[in-house]
Amino acid sequence: MIERLEKIWQEVNSIRKISDQPFEYIPFNLEGIVKDMVLIGIDKEGRKMVLLKDKRVDNPLPKPGCTRLEISRDLVPSENGAQPYIKIICLDDSLENVFSFLISRLIRLLSDGSTPNKATIDAVSEFRRLLSRAGGPLPSDEEILGLTGELIFISQIIKKDQSLWKGWNGPSGSSRDFTWDKTDVEIKASFQAGEPKITINNLNQLEPISGRSLFLFHSIFVENPKGNITVPDLVEEIYSKIEDKEEFEETVFKAGYSKEHKELWLEYKFSLSECSSYSIEDEFPRINEASFKNGLIPESISKIRYEIDLNKVSNFKIENEEVFKMISKS
Numbered sequence: 001m002i003e004r005l006e007k008i009w010q011e012v013n014s015i016r017k018i019s020d021q022p023f024e025y026i027p028f029n030l031e032g033i034v035k036d037m038v039l040i041g042i043d044k045e046g047r048k049m050v051l052l053k054d055k056r057v058d059n060p061l062p063k064p065g066c067t068r069l070e071i072s073r074d075l076v077p078s079e080n081g082a083q084p085y086i087k088i089i090c091l092d093d094s095l096e097n098v099f100s101f102l103i104s105r106l107i108r109l110l111s112d113g114s115t116p117n118k119a120t121i122d123a124v125s126e127f128r129r130l131l132s133r134a135g136g137p138l139p140s141d142e143e144i145l146g147l148t149g150e151l152i153f154i155s156q157i158i159k160k161d162q163s164l165w166k167g168w169n170g171p172s173g174s175s176r177d178f179t180w181d182k183t184d185v186e187i188k189a190s191f192q193a194g195e196p197k198i199t200i201n202n203l204n205q206l207e208p209i210s211g212r213s214l215f216l217f218h219s220i221f222v223e224n225p226k227g228n229i230t231v232p233d234l235v236e237e238i239y240s241k242i243e244d245k246e247e248f249e250e251t252v253f254k255a256g257y258s259k260e261h262k263e264l265w266l267e268y269k270f271s272l273s274e275c276s277s278y279s280i281e282d283e284f285p286r287i288n289e290a291s292f293k294n295g296l297i298p299e300s301i302s303k304i305r306y307e308i309d310l311n312k313v314s315n316f317k318i319e320n321e322e323v324f325k326m327i328s329k330s
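UniProt numbering numbers the first residue of the sequence shown as 1 and each following residue consecutively.
Here it is as C-alpha cells:
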C-alpha cells in the first residue's frame with residue numbers, strides 16, 4: 001500500500017504543478033471501501049494530505065496534539081455537488097513516510113468497518129504516540145534494547161519459516177511477545193554486566209496458560225560503537241526474507257521504528273554476546289498469585305516488579321533450536 005501511495009502522490013504532484021486549485025487529488029479506491037471515500041492529495045504549497053468522506057459533519061475531530069498535522073473539514077467538488085470530507089495535512093515533510101503509515105492505518109480501519117471520524121481519531125492517536133515517545137523521534141533506551149531483542153528472535157525464527165514472524169505480538173501490546181499455535185514466548189534483552197538478570201513487570205508475564213507452552217528467550221548485548229547489531233539492520237534483514245513486507249513495516253512502525261530516523265537509530269550499535277532459552281514450567285521461580293496468602297494479592301499492592309537471576313535457573317535452560325523447531329512444527 002505504501003508503494004501505491006507514493007505512485008499516486010507522484011501523479012497528483014504532476015497535476016498540481018499545472019493547476020491553480022487549492023489542492024489536487026486522486027481517489028484511492030480499494031475493495032471493501034466506498035468509492036471516493038479516500039482521496040490522496042497535495043495542496044498548492046506542496047504538502048501531502050489525505051481526505052476521508054464524512055457526512056457526519058457535526059462529529060468533533062481529534063486535536064492533532066502536535067504541530068506536524070493539520071486536521072479540518074472541507075468540501076470537495078464532485079459531479080453530485082460539493083461533498084464533505086475530513087482533511088488531514090502533513091505539515092512536516094521529514095515525516096512523510098510516517099504520514100504514509102498513518103494513511104495506511106486509516107484505510108485499514110475503514111476497510112474493517114470503522115467510521116471516518118473514528119478511524120481518524122484512532123490513527124491520529126497512534127501517530128501522536130509515536131512522536132511523543134521519549135519526547136522525541138526515538139523510544140527510550142530501554143525500549144530500543146527490548147526491540148533489538150525481539151528482532152533478534154524474529155531474525156532467527158524466520159530461518160525455519162519466513163511466515164513465522166507474524167507471531168510477533170510485542171508492538172501491539174499483547175501479554176505475550178510471540179505466539180504461534182499453542183506456544184508462547186516471552187522475549188527479554190539485557191546488557192552484559194555482572195550476573196545475567198531479567199526484569200519481570202507483572203505477575204502474569206511468566207505464568208503459563210493452561211494447555212499452552214511458555215518459553216523465555218533472552219539475549220545479552222554489549223554496547224559497542226563498532227557493533228554489527230542495530231535495529232535498522234535487523235529490520236532490513238528480516239524485510240528481505242519475508243513475503244508480507246507491508247504488514248511487517250506497519251508492525252515495526254508500531255514498535256516505534258521509522259525509516260526517517262534511521263541515522264539516529266544507527267547510533268545504537270550492539271554486539272550480541274549470547275541468546276538463551278528457558279522452559280517456563282511450574283517449578284520455575286517466579287512471583288504469582290500463589291505466592292500470597294490464600295492466593296490473594298493485598299489490595300494495597302498496585303504493581304509488582306522483580307528481577308530473576310538467570311544463573312540460578314540454568315536447570316530450566318533448553319537449546320534455542322529446540323524452541324524454534326517446536327514452533328515451526330506446530
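Think of the CB as a built atom: it goes at the ideal place given N, C-alpha and C, for glycine as much as any other residue.
Span of the alpha helix (DSSP H), counted from its first residue to its last, around residue i
{"i": "residue 239", "result": "231-239"}
{"i": "residue 9", "result": "2-16"}
{"i": "residue 308", "result": "That residue, residue 308, is in no alpha helix (DSSP H); its beta strand (DSSP E) goes 306-309."}
{"i": "residue 262", "result": "262-265"}
{"i": "residue 246", "result": "245-254"}
Residue i (DSSP reduced to helix, strand or coil)
{"i": "residue 280", "result": "coil"}
{"i": "residue 94", "result": "helix"}
{"i": "residue 199", "result": "strand"}
{"i": "residue 140", "result": "coil"}
{"i": "residue 323", "result": "helix"}
{"i": "residue 48", "result": "strand"}
{"i": "residue 99", "result": "helix"}
{"i": "residue 120", "result": "helix"}
{"i": "residue 292", "result": "coil"}
{"i": "residue 158", "result": "coil"}
{"i": "residue 127", "result": "helix"}
{"i": "residue 329", "result": "helix"}
{"i": "residue 88", "result": "strand"}
{"i": "residue 33", "result": "coil"}
{"i": "residue 115", "result": "coil"}
{"i": "residue 318", "result": "strand"}
{"i": "residue 53", "result": "strand"}
{"i": "residue 152", "result": "helix"}
{"i": "residue 20", "result": "coil"}
{"i": "residue 272", "result": "strand"}
Per-residue burial, residue i [other beta carbons within 10 Å of its own, 16 or more giving buried]
{"i": "residue 53", "result": "buried"}
{"i": "residue 16", "result": "buried"}
{"i": "residue 264", "result": "exposed"}
{"i": "residue 298", "result": "exposed"}
{"i": "residue 332", "result": "In the structure displayed, the chain extends from 1 to 330; residue 332 sits before or after that span and is not available."}
{"i": "residue 314", "result": "exposed"}
{"i": "residue 169", "result": "buried"}
{"i": "residue 196", "result": "buried"}
{"i": "residue 249", "result": "buried"}
{"i": "residue 57", "result": "exposed"}
{"i": "residue 105", "result": "buried"}
{"i": "residue 34", "result": "exposed"}
{"i": "residue 176", "result": "buried"}
Residue i: first and last residue of the uninterrupted beta strand (DSSP E) it sits in
{"i": "residue 41", "result": "38-43"}
{"i": "residue 222", "result": "213-223"}
{"i": "residue 76", "result": "69-76"}
{"i": "residue 166", "result": "Taken as a continuous stretch (DSSP letters only), residue 166 belongs to no beta strand (DSSP E), as it is neither H nor E."}
{"i": "residue 24", "result": "23-27"}
{"i": "residue 242", "result": "Residue 242 -> no beta strand (DSSP E), and no H or E assigned at all."}
{"i": "residue 190", "result": "183-191"}
Residue i: CB within 7 angstroms of a non-hydrogen atom of the ligand NAD
{"i": "residue 215", "result": "Of the ligands one can find in the structure shown there are none, so the ligand NAD has no counterpart to examine."}
Integer Cβ distance of residue i from residue j, believed to fall under 8 angstroms
{"i": "residue 40", "j": "residue 28", "result": "5 angstroms"}
{"i": "residue 162", "j": "residue 241", "result": "6 angstroms"}
{"i": "residue 102", "j": "residue 123", "result": "5 angstroms"}
{"i": "residue 89", "j": "residue 49", "result": "4 angstroms"}
Margin query: Between the region 112-128 and the region 139-152, can you find at least three pairs of beta-carbon atoms closer than 8 angstroms?
Written below: No: fewer than three Cβ pairs fall under 8 angstroms.
Next item on the list: Examine the Cβ distances between the region 201-210 and the region 148-158 and report whether three or more of them are shorter than 8 angstroms.
Entry: The region 148-158 and the region 201-210 do not touch, with fewer than three beta-carbon pairs separated by less than 8 angstroms.
Item checked: Touch test, the region 179-190 against the region 204-224, Cβ-Cβ under 8 angstroms, three pairs minimum -> Yes, since at least three Cβ pairs between the region 179-190 and the region 204-224 fall closer than 8 angstroms, the two stretches touch.
Next item on the list: Count the C-beta pairs between the region 237-252 and the region 286-295 that are closer than 8 angstroms, then say yes if the count reaches three, no if not.
Entry: Not touching, per the Cβ criterion.
Item checked: Inter-stretch contact (C-beta, 8 angstroms, three-pair minimum) for the region 267-286 and the region 223-231 -> Segment contact: the region 267-286 against the region 223-231, three or more CB-CB distances shorter than 8 angstroms; contact assigned.
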